[in-house]
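Since the structure comes first, as structure tokens, the remarks are kept for the end.
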Amino acid sequence: MSTTTGPEAAPKPSAKSIYEQRKRYSTVVMADVSQYPVNHLVTFCLGEEDGVHTVEDASRKLAVMDSQGRIWAQEMLLRVSPDHVTLLDPISKEELESYPLGAIVRCDVVLLPGRSRSLLLLVCQEPERTQPDVHFFQGLRLGAELIREDVQGALHDYRSGRGERRPAALR
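In numbering that gives the first Met the number 0, the protein residues as written are 0 to 170.
Here you go:
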């Protein structure tokens, strides 16, 4: 009596289960949601006592911290959807932070002295806060420019009420 192991031991999936799996896959692929692995480098609150009053101040402070080796990067996923930019834990997919597109004041790319790759900059103004936060991210697989295009496309579509720019950015 022999026991079969290997691929021949696995039961063949039914046509219905394959169909359902493909249907779920299509729904995910066709949705206007994209995810990017990024390193979150630092967040500054503008206007606080540490001398950071403008986005340019935040960029300078990040450059100084970087030159001193004081940046602690945290890997996460940056998800762009039609109404939010969400930060997720890359393993558990737990939501770390979520910003409605209406709270995003600025999305840009900056190149700091001594860095060869651009950084994504997001300025978010939450309604309950008096001052906006400035977030800096480094793309892990894609450059900051491509992520910026997607976020700006989502912002344009959100503000205009139409879905024209984002699908082009997702291609």
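Every residue, glycine too, gets a C-beta built ideally from N, C-alpha and C.
**Q.** Pairwise C-alpha distance: G142 and R170
**A.** At R170, the pLDDT of 49 sits below 50, so the modelled position is not reliable; the number obtained from the coordinates is stated separately. R170 and G142: Cα-Cα distance of roughly 15 Å.
Q. CB G46 to CB T129, shorter than 9 Å?
A. yes
Q | Chain-order list of residues whose beta-carbon lies under 7 Å from that of D56 (same chain, five-residue window excluded) | A | G50
Q | Beta-carbon contacts of L111 that lie in its chain and below 6 Å, excluding the five residues immediately before and after | A | A62
Q.
Which same chain residues end up closer than 8 Å to S97 when comparing Cβ atoms and leaving out the 5 residues on each side of it in sequence?
A. H83, V84, T85 and L86
Q: Note down, in chain order, each residue of its chain lying with its Cβ closer than 7 Å to the Cβ of Q151, except the 5 sequence neighbours on either side.
A: C106
**Q.** Cα-Cα separation between P81 and D149, rounded to whole angstroms
**A.** 10 Å
**Q.** Cβ shell of A153 (< 7 Å), same chain only, five flanking positions each side left out
**A.** V79, P81, L100 and R165
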